[in-house]
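**Q** Have a look at this one.
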Amino acid sequence: MRLFIPDFAFFEPEALQYPIGREIEQRLRALNVPIRETTSHNRVTGIPGDTPNEKYKNAKNTLVVGLRKTLTFDTSKPSADYAIPISTGCMGHCHYCYLQTTLGAKPYIRVYVNMDQILDAARGYIRERAPEVTTFEAACTSDPVGIEHLTGNLARVVEFAGQEPLARLRFVTKYDGVEPFLHLEHGGHTYFRFSVNADYVIRHFEPGTAPFAERLAAASKVYQAGYKLGLIVAPLIRFEGWEDGYAQLFERLAQHLPRDSDLRFELIQHRFTATAKRIILERYPKTKLEMDETKRKYKWGRYGRGKWVYQDDEATTLRRHLEGLIHTHFPLATIEYFT
Ligand code: SF4
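With the first letter of the sequence shown counted as 1, position 205 gets the number 297 in my numbering; the numbers rise by one all the way through.
Quick look at the structure:
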């Protein structure tokens, strides 16, 4: 396990008035991370770099610690009711990552110290929806597991959800730092998902994330700790030899996770937008990610904005192959969706 250490950190001065802010500061100082002040986590200036790409890379290694002022949560349909805002940004360099478009000029990693207020707001949403269950998603804008050793914030949300009868929590990760979660009172309310993929995809398109074997070992520990476990196989890519590549992925999964486990799978084919393609080619000009519109089908989305997905026949063979592998190796698993 290689835990992320930022190259730089910025603190809003007010963040140090909170115990969580001071804890984070102490951890960073112990790791010799240079710390500077910023007036706002929304406008961080002074991240070094001579070119936009250098600045981008440095931003991804920069931790910004501040207060979450907006305590209105975004909705996160259809998989959850609300996105719980504990962090944004990620140190990973997945070529296809949608944060490249959604985070725009703020690719740095932001974490918040006013967790009491954030959890109070979550409590408000739970009360509003009672007696319905309220599900929170913690990984809409970041990979919170990858930075947990610096903040401890996701564990706070796991314990909070564990204590609230009507709360459920879900998140996804490509990191393996799961030790902080193994002994928490999660009450079976947290759905812990790992993003996995064929070796080819991880090697070529997911620099800066945990290797597959480590993710798998982490998934196994989480499952043994009684969490509901899900695997997101995404993005599904039809690289040369994809059928064998995905078959090997499932053989390896089956070696580490019990055949009769009640896993849940989410299957997402690779898609891209015109904006994403432009940004990806700027940031990762040598990427092998296939983004040829002439080979794809345009799928219209909401608000007149669409994405390029695989042609119907290609998507169907992809889906059938993956479903077959899941049924063979994990007959009791649930496939939540293929999209
Ligand atoms: Fe994006 Fe997840 Fe990769 Fe981080 S690990 S860069 S959030 S896809």
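Heads up, the beta-carbon is just placed ideally off N, CA and C, and yes, glycines get one too. Keep in mind the model is a prediction, meaning the values are calculated, not measured.
Using 8 Å as the Cβ pair cut-off and three pairs as the minimum, do the segment 105-123 and the segment 204-215 touch?
**A** Counting Cβ pairs under 8 Å, three or more are found: they touch.
**Q** Cα separation between Asn134 and Lys266?
**A** Straight-line Cα distance between these residues: approximately 26 Å.
**Q** Could you tell me whether the segment 283-299 touches the segment 213-221, using the rule of 3 or more Cβ pairs below 8 Å?
**A** The segment 283-299 is not in contact with the segment 213-221.
**Q** Between the Cα of Cys232 and the Cα atoms of Ile239, Phe263, Thr226, which residue gives the shortest distance?
**A** Ranking the options by Cα distance to Cys232, first place goes to Phe263.
**Q** Along the beta strand (DSSP E) that carries Leu274, what are the first and last residues, could you check?
**A** Here Leu274 belongs to no beta strand (DSSP E), and DSSP marks it neither H nor E.
**Q** Quick check: the Cα distance between Ala213 and Tyr174, rounded to an integer number of angstroms?
**A** Their Cα atoms are separated by approximately 11 Å.
**Q** For Glu224, which of Asp235, Leu349, Ala259, Arg94 has the nearest alpha-carbon?
**A** With distances taken between Cα atoms, Glu224 lies closest to Ala259.
**Q** Relative to the ligand SF4, is the shortest distance from any of its heavy atoms to the C-beta of Lys266 smaller than 6 Å?
**A** Lys266: yes, Cβ under 6 Å from the ligand SF4.
**Q** Ordered along the chain, which non-local residues of its own chain (more than five positions away) have a Cβ less than 7 Å from that of Ala407?
**A** The answer, listed in chain order, is Gln361, Val401.
**Q** Using a Cβ-Cβ cut-off of 7 Å (strictly less than) and excluding sequence neighbours within five positions of Gly393, which residues of its own chain qualify?
**A** Same-chain partners within the cutoff: Lys399.
**Q** What does the alpha-carbon distance come out to for the pair Gly300 and His185?
**A** Near 6 Å, if we compare the C-alpha coordinates of His185 and Gly300.
**Q** Looking only at its chain, what residues have a beta carbon closer than 6 Å to the beta carbon of Tyr315, apart from the 5 residues adjacent to it on each side?
**A** Closer than 6 Å at Cβ, skipping near neighbours: Leu321.
**Q** Measure from the alpha carbon of Arg412 to the alpha carbon of each residue in Trp334, Lys389, Ala305, then state which is nearest.
**A** The candidate whose alpha carbon is nearest that of Arg412 is Trp334.
**Q** Thr243: beta carbon under 6 Å from a heavy atom of the ligand SF4?
**A** No - the ligand SF4 has no heavy atom lying nearer than 6 Å to the Cβ of Thr243.
**Q** Can you tell me where the alpha helix (DSSP H) with Glu415 in it begins and where it stops?
**A** First-last of the alpha helix (DSSP H) with Glu415: 404-421.
**Q** Could you tell me whether the segment 241-258 touches the segment 270-281, where touching means 3 or more Cβ pairs closer than 8 Å?
**A** Yes, the segment 241-258 is in contact with the segment 270-281.
**Q** Return helix, strand or coil for Leu359, following the three-state DSSP convention.
**A** Reduced to three states, the DSSP call for Leu359 is strand.
**Q** Could you check the C-alpha separation between Phe357 and Pro170 for me, to the nearest Å?
**A** Their backbone Cα atoms lie some 16 Å apart in a straight line.
**Q** Apply the 10 Å Cβ neighbour rule to Ala122 and answer buried if 16 or more other Cβ atoms are within range, or exposed otherwise.
**A** So Ala122 counts as exposed.
**Q** To the nearest whole angstrom, what separates the beta carbons of Glu310 and Asp268, a pair I think is in contact under 8 Å?
**A** One point to set straight first is that residue 310 is Ala, not Glu, in the sequence displayed. Yes, Ala310 and Asp268 are in contact; Cβ-Cβ is about 4 Å, under 8 Å.
**Q** May I ask which residues mark the beginning and end of the alpha helix (DSSP H) holding Ser168?
**A** Taken as a continuous stretch (DSSP letters only), Ser168 belongs to no alpha helix (DSSP H), as it is neither H nor E.
**Q** Return helix, strand or coil for Val205, following the three-state DSSP convention.
**A** Residue state, collapsed to three classes: coil.
**Q** How is Pro236 classed by DSSP in three states: helix, strand or coil?
**A** Three-state result, Pro236: helix.
**Q** Write down every uninterrupted run of the alpha helix (DSSP H) in the segment 113-183 whose length is 4 residues or greater and which is fully enclosed by it, in chain order.
**A** Counting whole runs of 4 or more residues, the segment 113-183 contains the alpha helix (DSSP H) stretches 144-151.
**Q** Where DSSP assigns a beta bridge to Ala259, which residues make up the other side?
**A** Thr226, per the DSSP bridge assignment.
**Q** Measure from the C-beta of Thr227 to each C-beta in chain D and report whether the shortest distance is under 7 Å.
**A** This model lacks chain D altogether; it includes just one protein chain.
**Q** What's the gap between the Cα of Val237 and the Cα of Tyr319?
**A** Cα-Cα distance, rounded: 15 Å.
**Q** Please check the pair Pro126 and Phe103, which I expect to be a contact at CB under 8 Å, by giving their CB distance rounded to whole angstroms.
**A** Their Cβ separation, rounded to whole angstroms, is 11 Å, which puts Pro126 and Phe103 out of contact at 8 Å.
**Q** Could you please give the first and the last residue of the uninterrupted beta strand (DSSP E) stretch that includes Leu321?
**A** That run of the beta strand (DSSP E) goes 320-328.
**Q** When DSSP labels each residue in this structure, what does Thr365 get in the three-state scheme?
**A** In this structure, Thr365 counts as coil in the three-state DSSP scheme.
**Q** Exposed or buried, Arg275, counting other C-beta atoms within 10 Å across all chains shown (16 or more means buried)?
**A** Here residue 275 is His; the residue named in the question, Arg, does not match the sequence. His275 is exposed by the Cβ-count criterion.
**Q** Can you tell me which of Tyr376, Glu306, Thr367 puts its alpha carbon nearest to the alpha carbon of His296?
**A** The candidate whose alpha carbon is nearest that of His296 is Tyr376.
**Q** Can Gly196 be considered in contact with the ligand SF4, in the sense that its beta carbon sits closer than 6 Å to one or more heavy atoms?
**A** No; taking the cut-off as 6 Å, the Cβ of Gly196 has no heavy atom of the ligand SF4 nearer than that.
**Q** Classify Ala151 as buried or exposed, calling it buried when 16 or more other Cβ atoms lie within 10 Å of its own Cβ.
**A** So Ala151 counts as buried.
**Q** Rounded to the nearest angstrom, what separates Glu382 and Ser312 at their Cα positions?
**A** Roughly 32 Å separates the two Cα atoms.
**Q** What residue from Phe273, Leu95, Leu424 has the CA that sits closest to Leu355's CA?
**A** Out of Phe273, Leu95, Leu424, Leu424 has the C-alpha closest to the C-alpha of Leu355.
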